[in-house]
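In the numbering used here, the protein residues as written are 151 to 822.
Structure (structure tokens):
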């Protein structure tokens with residue numbers, strides 16, 4: 151929400167030339183960016199409720215309020231306000247009430263808003279917050295997920311301290327494999343469970359039980375007697391973390407029954423409008439690094455399971471029922487698309503342009519929804535702006551953008567243009583897609599320094615999407631190339647798994663071939679090449695400088711440097727060993743070592759900055775420290791930047807995004 155200055159009795163009209171003046175997108179503009187998310191149609195289909203995220207410059211946090219806008223773009227106005235977070239808006243089936251989650255009272259609570267009067271109230275006093283709101287068909291109850299605290303384990307309890315004594319903090323006793331998670335720290339005792347509560351207030355009723363977590367979307371049976379959800383309730387759920395099933399819980403008896411039984415993830419159950427079928431997504435777990443997420447349907451008794459689109463070599467994301475068809479989102483060549491499939495498996499392309507909710511880098515992202523008549527609402531964005539609200543008519547086709555929430559900022563800023571590039575890898579001729587961002591006021595007669603920016607994952611995808619980080623680089627005079635090398639998603643199962651048990655490897659050739667390609671376009675100075683990337687991009691940037699000295703400087707952000715220490719320290723230890731290597735470090739140390747960038751550190755001569763969050767548990771700080779120490783020991787110019795209090799998602803706080811790019815740009819500026 152922008153800061154508003156209201157001038158009473160004084161109207162100042164600026165000349166058109168002054169209004170049209172533009173300046174470069176700069177550091178503090180990050181705090182002025184906003185984006186929309188999670189759009190929901192009102193019952194009559196004539197308005198859209200959405201989450202509008204903005205930056206609180208004083209507290210350095212992202213905030214969110216709920217807004218509503220007519221589908222023709224009129225009457226765009228807030229439903230909530232203030233420097234707090236309101237999210238997960240869900241209208242009751244009768245359209246009378248809006249449920250959402252708000253921390254306005256200090257804790258995350260379920261709030262009900264009456265749509266006719268605007269009155270609001272908290273449904274219950276929840277001690278641990280709520281998520282995954284879902285209305286019963288009769289609009290009387292809300293199902294949700296919440297954490298149920300457990301008792302902290304104590305192995306050797308201290309004797310009682312004397313009154314007034316100041317003893318040390320009690321020891322933390324740990325006997326679980328997964329005892330930390332990036333973004334939250336040490337795992338709190340207890341589990342997440344599903345509850346129901348009356349929409350007009352009352353005592354929440356716990357529906358699930360056991361030492362299992364229940365964090366999935368929740369669907370109600372047509373008669374309101376059963377809830378469907380996804381969870382991993384297997385006895386070995388702690389070691390086979392991806393093996394979830396679809397379950398049904400009878401609300402009268404409390405009996406929980408599995409509806410699927412294959413090895414692999416099954417998730418996000420949704421009931422068809424006639425109440426006879428369940429759609430869900432999932433895959434067979436074949437221990438590959440990457441699996442496509444398929445779209446399945448089955449009867450509500452668990453019979454008749456069918457993969458609706460077995461030949462779609464892309465991963466299905468968000469989906470919604472409309473009549474006897476399903477609209478679904480998938481990413482193809484870095485671009486998010488929406489298609490419709492009927493129960494016979496016939497697929498029809500509908501539209502594209504879902505994007506814009508990734509704050510910082512140009513990852514594929516975004517959400518959409520569908521009205522009962524087939525009208526679509528989405529988060530719509532381009533390479534020049536973050537997510538607005540867009541609508542598509544019942545017959546599909548082009549998107550009509552109905553909001554312009556960053557127009558007051560970006561209409562007055564110069565941005566680097568984004569150009570798609572395709573080229574072939576020098577390794578095997580594989581076609582690779584990328585995007586070249588040109589500096590502001592680009593002059594084709596000049597040659598510019600080039601930054602190769604590498605995405606993380608590694609199973610993820612960049613695309614033609616707005617990126618505050620890359621625009622800041624471009625507006626400091628750099629060309630920026632970002633690509634989707636082998637291992638990236640949105641190009642199919644085979645393309646992604648070309649790095650299976652082989653990462654990093656020939657993705658290096660894909661990246662270097664991209665650099666050579668844009669040099670050949672004639673506007674890149676081949677003597678001023680720079681490389682950076684975060685997470686998986688940190689792996690590849692450190693791998694690159696171990697194999698070539700072509701780059702004048704590198705910034706390696708939140709990397710994995712040593713696969714053995716990463717596997718034994720990260721919060722994704724099991725996934726690394728089982729899916730990325732297929733063996734434990736002590737059983738195949740040669741494989742772990744030869745794929746570790748640390749194994750190549752003896753070749754490095756490139757001035758290198760390491761940059762990582764001090765609280766990062768995904769690619770922990772000791773990874774960066776190892777590499778920094780190794781570089782220093784062989785007298786390579788190196789520096790280490792530690793972001794205090796930051797987990798893996800450095801850009802969770804806007805100032806950290808600025809800090810990150812400032813350090814990258816300054817390091818490159820100082821190594822011309």
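Backbone N, C-alpha and C define an ideal beta-carbon position, used for all residues, glycine too. Just so it is clear, the structure is predicted and the values come from calculations on it, not from any experiment.
Given a threshold of 16 other Cβ atoms within 10 Å of its Cβ, counted over all protein chains shown, does residue i qualify as buried or as exposed?
i           : result
residue 255 : exposed
residue 185 : buried
residue 566 : buried
residue 323 : exposed
residue 346 : buried
residue 788 : buried
residue 413 : exposed
residue 716 : buried
residue 583 : buried
residue 418 : buried
Could you check how far apart the C-beta atoms of residue i and residue j are, in whole angstroms? I think they sit under 8 angstroms.
i           : j           : result
residue 796 : residue 819 : Not quite, the Cβ-Cβ distance comes to about 23 angstroms (not below 8 angstroms), so this is no contact.
residue 720 : residue 770 : 6 angstroms
residue 600 : residue 629 : 5 angstroms
residue 536 : residue 556 : 6 angstroms
residue 503 : residue 528 : 7 angstroms
residue 577 : residue 438 : Rounded, the Cβ-Cβ distance is 21 angstroms, inconsistent with contact.
residue 251 : residue 292 : At roughly 11 angstroms, the Cβ-Cβ gap does not stay under 8 angstroms, so residue 251 and residue 292 are not in contact.
residue 610 : residue 709 : About 16 angstroms; that fails the 8 angstroms criterion.
I need the boundaries of the beta strand (DSSP E) containing residue i, first residue and last residue.
i           : result
residue 472 : 466-472
residue 518 : 518-520
Who pairs with residue i in a beta bridge, going by DSSP?
i           : result
residue 448 : 428
residue 348 : 291
residue 408 : 397
residue 219 : 198
residue 247 : 264
residue 530 : 504, 538
residue 683 : 604, 706
residue 270 : 263
residue 476 : 471, 491
residue 574 : 581
residue 482 : 485
residue 569 : 586
residue 275 : Beta-bridge pairing links residue 275 to no other residue.
residue 416 : 432
residue 550 : 541
residue 235 : 214
residue 376 : 400
residue 563 : 173
residue 203 : 185, 214
residue 612 : 513
Identify whether residue i lies in helix, strand or coil by the three-state DSSP scheme.
i           : result
residue 188 : strand
residue 259 : strand
residue 663 : helix
residue 329 : coil
residue 802 : helix
residue 208 : coil
residue 171 : coil
residue 807 : helix
residue 763 : strand
residue 796 : coil
residue 629 : strand
residue 357 : coil
residue 309 : coil
residue 157 : The pLDDT assigned to residue 157 is 29, lower than 50, so where the model puts this residue is not dependable, and the model offers no usable value.
residue 283 : strand
residue 695 : helix
residue 340 : strand
residue 152 : Interpretation of residue 152 is limited by its pLDDT of 45, a score under 50 that renders its predicted location unreliable; the figure taken from the coordinates is listed afterwards. In the structure shown, residue 152 sits in coil (DSSP, three-state: anything other than H, G, I, E or B).
residue 657 : helix
residue 317 : coil
residue 816 : helix
Identify the continuous alpha helix (DSSP H) that holds residue i and give its terminal residues.
i           : result
residue 774 : 771-783
residue 110 : As displayed, the chain neither begins before 151 nor continues past 822, which places residue 110 out of reach and without an answer.
residue 560 : 557-560
residue 620 : 618-624
residue 727 : It is not in any alpha helix (DSSP H) - residue 727 carries neither H nor E in the DSSP assignment.
residue 643 : 643-646
residue 597 : Careful: residue 597 lies outside any alpha helix (DSSP H) and carries neither H nor E.
Run the proximity test for residue i: is its beta-carbon closer than 7 angstroms to any non-hydrogen atom belonging to the ligand MN?
i           : result
residue 802 : Summarising the ligand content, the structure contains no ligands, and the ligand MN is consequently not present.
Examine chain B for any beta-carbon lying closer than 8 angstroms to the beta-carbon of residue i, and answer yes or no.
i           : result
residue 496 : Structure shown: chain B not included; a single protein chain is present.
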